[in-house]
Amino acid sequence: WVAASLTKQHHPSSRFSGDSAAPWTPHFDVVVIGGGHAGTEAAAAAARCGSRTLLLTHRVDTIGQMSCNPSFGGIGKGHLMREVDALDGLCSRICDQSGVHYKVLNRRKGPAVWGLRAQIDRKLYKQNMQKEILNTPLLTVQEGAVEDLILTEPEPEHTGKYRVSGVVLVDGSTVYAESVVLTTGTFLRGMIVIGLEMHPAGRLGDQPSIGLAQTLEKLGFVVGRLKTGTPPRIAKESINFSILNKQTPDNPSIPFSFINETVWIKPEDQLPCYLTHTNPQVDEIVLENLHLNCHVKETTKGPRYCPSIESKVLRFPNRLHQVWLEPEGLDSDLIYPQGLSVTLPAELQEKMITCIRGLEKAKMIQPGYGVQYDYLDPRQITPSLETHLVQRLFFAGQINGTTGYEEAAAQGVIAGINASLRVRHKPPFVISRTEGYIGVLIDDLTTLGTNEPYRMFTSRAEFRLSLRPDNADSRLTFRGYKEAGCVSQQRYERAIWMKSSLEEGISVLKSIEFPSSKWKNLIPEASISIGKSLPLRALDVLKYEEVDIELLAKAVPEPLRKYTKCRELAERLKIEASIGIAMAFLLQRFQLLGLTWWRSG
Ligand code: FAD
């Protein structure tokens, strides 16, 4: 009976094999609302955990849409992606199939704060994500707008005033579910803004969700208002790149996913980015036209760490601000000017752009715009992302006050896992602050709440020396496999192999010991400066900045040669050796501090 009122359904035929009399059922274990970065991860995670899952979203062709910047990762955000990947999530693998410029940020600092980042081809990302989602076993995808929730009596053994048992679509049809995950992004009472014009929209070209926002408010959820914005898009052929600073990608490219040795595209075929800057003329246009810019005047808070050009000019006057010109894709004619998010009227945006070096003849294809939207105070959810008020209702993504694809994806995977565990009456899957950046993110949100768009930074993590991008699998894959069932056998076995190879590698490196004079002869590149006859282990030699496994294996081919075969293993052995130094240094500092305290005490 629900099937008659559904618009479009996509489901893997394998799911219904042998069940030809009942090809469709309106009752699912988990229903996920929204096909953005949180929703795709939540739906795929619930299905991987074995739950019959429905992803309900406005349009199938916008699944995986990158609403703003054509890039993934960065400092802190790259850590979240590695953790999502360690739980067998999608975004890292899809980025490895869709990136056009891979670069590790912060390379000069320690591995704990390296930020994996890539420019992504928007079109390819969406295509690859849709292919993945539409071919996930146990996952059905359906177009539709959810307006309301179906509520029943709460389960007495749990806290909560109501229990959710399904959703109502805009056409009045219903779908029943054991758990529901809401990932509606910027769509709740979304309003887009350019200049003095405002109109209802979730993002450019998409309807807002008004009914659902009203439902949540009526239920008693505390709702707040936030804003964000996006820059104009510029025609590539109208930019004079020849006078700008060029940034080339890394060679080799470091993949986001633990299960990939390489990315889909060679470094030499990747696209460059270019750097330019704003100037006093830009400031002048912004300041002279504040009266034409209602997004700036609003008291609603925007992202502090990804601010609009108006906020930057107001907060830091007389400064030149960076504008990165980033490719939107391999065959795209558009350039994304990162750092130039703006909500001035369109004609003034064009005037402002053409003041900037290299953009003197730039043609604006789409103006920048702002969006204001409702979010729900995240202190209303538990660390498993279930709401306190409504049992079996989970929130993930921008709806919880965060900003960014990675923050959304990280919450999505946790909400999907827990929605599924809840159906199976299993204990929740919670990541602590000591185990991962995902734990830091969720703990910050659920205990402190937020009154501005929340984004991840390495400085938010107290245990960042151990929560590194390289070791996310050893922190989370085993738990994901055993406790949640969201990790594939293949990934689990790869994590076991990596763990045992690392342990074996470290003990082999510890077992090779020569006097330092011999090491100096074998590896003249290393600046070994300790006494000639002092014994030194290969593990200690690997700690020198200029030494890697490749160099060590040239000096001592047997038994070290085998550790050069896998790039990731070689890099991780080097990191384990170097972090050893940092850990020892910290321990020494702590001991000294302890000693001072004890003495003074
Ligand atoms: P989204 O990716 O927005 O996905 C929400 C999904 O829910 C959509 O598919 C929508 O169709 C669906 N949906 C909504 N309501 C319903 C309903 N009732 N029924 C069915 N389906 C529904 N992030 C940054 O880090 N930096 C930025 O500068 C930045 N700028 C942004 C500028 C704009 C204009 C926008 C729109 C977003 C910006 N973001 C920025 C945020 C980034 O896009 C989001 O953080 C991220 O996409 C959030 O993911 P999500 O899954 O929570 O929501």
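Final position of the sequence shown in UniProt numbering is 610; the numbers increase by one with none missing. Glycine included, every Cβ here is placed at the ideal spot set by N, Cα and C. Bear in mind the structure is a predicted one, so any value in this text is a computation, not a measurement.
### Query
Exposed or buried, which one is M507 when buried takes at least 16 other CB atoms within 10 Å?
Here residue 507 is taken as the residue at index 498 of the sequence shown, counted from 1. Burial call: buried.
### Message
Could you compute how far the alpha carbon of L353 sits from the alpha carbon of H434?
### Response
For this step, residue 353 is matched to residue 344 along the sequence shown. For this step, residue 434 is matched to residue 425 along the sequence shown. Cα to Cα, the separation comes out at about 52 Å.
### Query
In whole angstroms, what is the alpha-carbon distance linking P276 and D259?
Taking the sequence shown and counting its residues from 1, the one referred to as residue 276 is at position 267. Taking the sequence shown and counting its residues from 1, the one referred to as residue 259 is at position 250. Each residue's Cα considered, the two are about 7 Å apart.
### Task
Within 10 angstroms of the Cβ of P209, are there 16 or more other Cβ atoms? Answer buried if so, exposed if not.
The count along the sequence shown starts at 1 and reaches residue 209 at position 200. With fewer than 16 Cβ atoms within 10 Å of its Cβ, P209 is classed as exposed.
### Query
From what residue to what residue does the beta strand (DSSP E) around N137 run?
For the purposes of this step, residue 137 is taken as the residue at position 128 of the sequence shown. Careful: N137 lies outside any beta strand (DSSP E), inside the alpha helix (DSSP H) at 131 to 143.
### Message
Give the list of continuous beta strand (DSSP E) stretches no shorter than 3 residues that lie fully inside the stretch 522 to 578.
### Response
522 to 524, 544 to 546
### Task
Below 8 Å on the Cβ atoms is my guess for I447 versus A419; work out the distance and round it to an integer in Å.
Taking the sequence shown and counting its residues from 1, one reaches residue 447 at position 438. Taking the sequence shown and counting its residues from 1, one reaches residue 419 at position 410. With 8 Å as the limit, I447 and A419 qualify as a contact, their Cβ atoms being about 5 Å apart.
### Query
Touching or not, the stretch 60 to 73 and the stretch 35 to 44, by the rule of three or more beta carbon pairs under 8 Å?
yes
#### Entry: Exposed unless 16 or more other CB atoms sit within 10 angstroms - verdict on E415
Walking along the sequence shown from the start, residue 415 turns up at place 406. Buried, by the Cβ-count rule.
### Query
For R401, which of V380, V432, N249, G421 has the nearest alpha-carbon?
Position 392 of the sequence shown, counted from the first residue, corresponds to residue 401. The candidate whose alpha carbon is nearest that of R401 is V432.
### Query
Going by DSSP, what residues sit across from D383 in a beta bridge?
Taking the first residue of the sequence shown as 1, we reach residue 383 at position 374. Answer by DSSP bridge pairing, in chain order: R234.
### Query
What does a CB cutoff of less than 6 Å around S542 pick up in its chain, not counting 5 residues either side in sequence?
Here residue 542 corresponds to residue number 533 of the sequence shown, with the count starting at 1. So the qualifying residues of the chain are P524.
### Task
Identify, in the order they occur along the chain, each residue of the same chain with its Cβ nearer than 8 Å to the Cβ of M200, setting aside the five sequence neighbours on each side.
If you number the sequence shown from 1, residue 200 lands on position 191. So the list reads M207, H208, P209, A210, P217, V380, Q381, Y382, once near-sequence residues are dropped.
### First through last residue of the beta strand (DSSP E) which encompasses D38
One-based indexing of the sequence shown puts residue 38 at position 29. Unbroken beta strand (DSSP E) run through D38: 36 to 42.
### Query
If you measure from the CB of A47, is any heavy atom of the ligand FAD nearer than 7 Å?
As a first step, residue 47 must be located in the sequence shown, where it is residue number 38. Answer for A47: yes, Cβ within range of the ligand FAD.
### Task
Could you tell me which residues DSSP pairs with K255 in its beta bridges?
Taking the sequence shown and counting its residues from 1, one reaches residue 255 at position 246. K255 is bridged to Y283.
### Message
Within 10 Å of its beta-carbon, does E534 have 16 or more other beta-carbons around it, so buried, or fewer, so exposed?
### Response
Counting from 1 along the sequence shown, the entry for residue 534 is found at position 525. It is exposed - the Cβ of E534 has fewer than 16 other Cβ atoms within 10 Å.
### Query
How big is the Cα-Cα spacing for L96 and E395?
On the sequence shown, residue 96 is found 87 positions in, with the first residue counted as 1. On the sequence shown, residue 395 is found 386 positions in, with the first residue counted as 1. Cα to Cα, L96 sits roughly 19 Å from E395.
### Closest by C-alpha distance to T285, when choosing among P346, R324, V93, T411
Indexing the sequence shown from 1 puts residue 285 at position 276. Of the listed residues, the one whose Cα sits closest to T285 is P346.
### Task
Kindly list the residues whose CB is nearer than 7 Å to the CB of E585, restricted to its own chain and excluding five residues on each side of it in sequence; keep chain order.
Indexing the sequence shown from 1 puts residue 585 at position 576. Correct list, in chain order: L511, I515.
### Query
So is I521 in contact with chain B if we call contact Cβ pairs under 8 Å?
Going by chain labels, chain B is absent from the structure shown, which holds only one protein chain.
### Cutoff 6 Å; reference Y501; Cβ partners in own chain excluding five residues on either side
Numbered from 1 along the sequence shown, position 492 holds the residue referred to as residue 501. Counting only Cβ-Cβ distances below 6 Å, and skipping sequence neighbours, we find Y490.
### Query
Is I408 near L197, with beta carbons less than 8 Å apart?
In the sequence shown, counting from the first residue as 1, residue 408 sits at position 399. In the sequence shown, counting from the first residue as 1, residue 197 sits at position 188. A contact, by the Cβ cut-off of 8 Å.
### R570 versus S526: straight-line alpha-carbon distance, rounded
As a position in the sequence shown, residue 570 is number 561, starting the count at 1. As a position in the sequence shown, residue 526 is number 517, starting the count at 1. Using only the alpha carbons, I get a separation of about 22 Å.
### Query
Is any heavy atom in the ligand FAD found nearer than 7 Å to the beta carbon of Q407?
Position 398 of the sequence shown, counting from 1, holds the residue named residue 407. Yes, the beta carbon of Q407 sits closer than 7 Å to at least one heavy atom of the ligand FAD.
### Task
Look at A428 and F404 and say whether their C-beta atoms are less than 8 Å apart.
Here residue 428 refers to the residue found at position 419 of the sequence shown. Here residue 404 refers to the residue found at position 395 of the sequence shown. No, the Cβ-Cβ distance between A428 and F404 is not below 8 Å.
#### Entry: P336 - DSSP class collapsed to helix/strand/coil
Reading the sequence shown from its first residue, position 327 is the one you call residue 336. The answer is strand: DSSP assigns P336 an E or B state.
### Query
CB of H67 to nearest heavy atom of the ligand FAD: below 7 Å?
As a working note, residue 67 is residue 58 in the sequence shown. True, at least one ligand heavy atom lies under 7 Å from that Cβ.
### Message
At a threshold of 7 Å, does I42 count as lining the ligand FAD (C-beta to nearest heavy atom)?
### Response
The count along the sequence shown starts at 1 and reaches residue 42 at position 33. Yes.
### Query
Within 10 angstroms of its Cβ, does S441 collect 16 or more other Cβ (buried), or is it exposed?
The residue labelled residue 441 in the question sits at position 432 within the sequence shown. The residue is exposed, with fewer than 16 neighbouring Cβ atoms inside 10 Å.
### Task
Flag F196 as yes when its Cβ comes closer than 7 Å to any non-hydrogen atom of the ligand FAD, and as no otherwise.
Position 187 of the sequence shown, counting from 1, holds the residue named residue 196. F196 Cβ: within cutoff of the ligand FAD.
### Task
Please report the Cβ distance between N288 and L329, rounded to the nearest whole angstrom; I am assuming they are in contact, meaning their Cβ atoms lie under 8 Å.
Residue mapping note: residue 288 aligns to position 279 of the sequence shown, counting from 1. Residue mapping note: residue 329 aligns to position 320 of the sequence shown, counting from 1. Right, the Cβ-Cβ distance comes to about 6 Å (below 8 Å), so this counts as a contact.
#### Entry: Run of the alpha helix (DSSP H) containing K321, from where it starts to where it stops
One-based indexing of the sequence shown puts residue 321 at position 312. Run containing K321: 318 to 324, per the alpha helix (DSSP H) assignment.
### Message
For R473 and F267, what's the separation of their Cα atoms in angstroms?
### Response
Walking along the sequence shown from the start, residue 473 turns up at place 464. Walking along the sequence shown from the start, residue 267 turns up at place 258. So the two alpha carbons sit approximately 19 Å from each other.
### Query
In three-state DSSP terms, what is Q106?
Looking up residue 106 in the sequence shown gives position 97. Here Q106 sits in coil by DSSP.
### Task
Please confirm whether Y111 and Q279 have their CB atoms less than 8 Å apart.
As a working note, residue 111 is residue 102 in the sequence shown. As a working note, residue 279 is residue 270 in the sequence shown. Yes.
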